[in-house]
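This report refers to the structure that appears directly beneath it.
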Amino acid sequence: MKILAFGASTSARSINTSLARFAATLIPGAEVDLLDLRDHALPIFSEDLENEIGVPEAARAFFDKIGAADGVIVSFAEHNGAYTAAWKNLFDWASRIDPKVFQGKPAVFLATSPGPGGAASVLASAKGSARFFGADLKAAVSVASFHTVFDAETGRITDPAVVADLTEAADALAQRAFA
Numbered sequence: 048m049k050i051l052a053f054g055a056s057t058s059a060r061s062i063n064t065s066l067a068r069f070a071a072t073l074i075p076g077a078e079v080d081l082l083d084l085r086d087h088a089l090p091i092f093s094e095d096l097e098n099e100i101g102v103p104e105a106a107r108a109f110f111d112k113i114g115a116a117d118g119v120i121v122s123f124a125e126h127n128g129a130y131t132a133a134w135k136n137l138f139d140w141a142s143r144i145d146p147k148v149f150q151g152k153p154a155v156f157l158a159t160s161p162g163p164g165g166a167a168s169v170l171a172s173a174k175g176s177a178r179f180f181g182a183d184l185k186a187a188v189s190v191a192s193f194h195t196v197f198d199a200e201t202g203r204i205t206d207p208a209v210v211a212d213l214t215e216a217a218d219a220l221a222q223r224a225f226a
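In the numbering used here, the protein residues as written are 48 to 226.
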């Protein structure tokens, strides 16, 4: 089973990438492709630019990675209550290939933040639009106060309740991807 996992952030120290990576380890035997959004840098989307240059290869490569996966884990970083500019831009370019960017793949959406909100605003937005963009959403989990529940040395979540929520989400993804 191939899982594409990533944090929707371009930070080299992204806590959302750490969360996506950890969640992917909860699927036994999964082959995990940990995508780095920094490898998919693109010019700001506009129709004029699209008419001039077409869809950039980085957007096609991202779209193809989703297509090659059996399931997708995305952990959304929240900037001022919304998606990061890098994620929104990559998503906009990919949607020009096909509006169903997630291509019907089973998905788990996550979000985390250093504070008590757990990036719940951006997660709610992602959940609300998932079906319009071809995501077969199996679970969504917000993790509050990330630095309190994550051990950076081991790369693991330490709070048993959070681990239970993430395990349930991973199980839902694995069951759908194997079906």
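We put the CB at the ideal spot given by N, CA and C, even for glycine. All values derive from a computational prediction rather than experimental measurement.
Asked	Found
For S122: DSSP bridge partner residues	G54, L157
Unbroken stretches of the alpha helix (DSSP H), 4 residues or longer, contained in the stretch 195-226	207-225
Rounded C-alpha distance that separates R203 from F197	6 Å
C-alpha distance - A221 paired with N63, whole-angstrom precision	20 Å
Beta-carbon contacts of A226 that lie in its chain and below 8 Å, excluding the five residues immediately before and after	No answer about A226 holds up, because its pLDDT of 49 lies below 50 and its placement is not dependable.
Inside the stretch 88-124 only - alpha helix (DSSP H) runs reaching at least 4 residues	94-100, 104-115
Sub-9 Å separation of A167 and S189 beta-carbons	yes
Closest by C-alpha distance to A132, when choosing among D218, N98, S58, V148	S58
Secondary structure of D83, DSSP reduced to three states	coil
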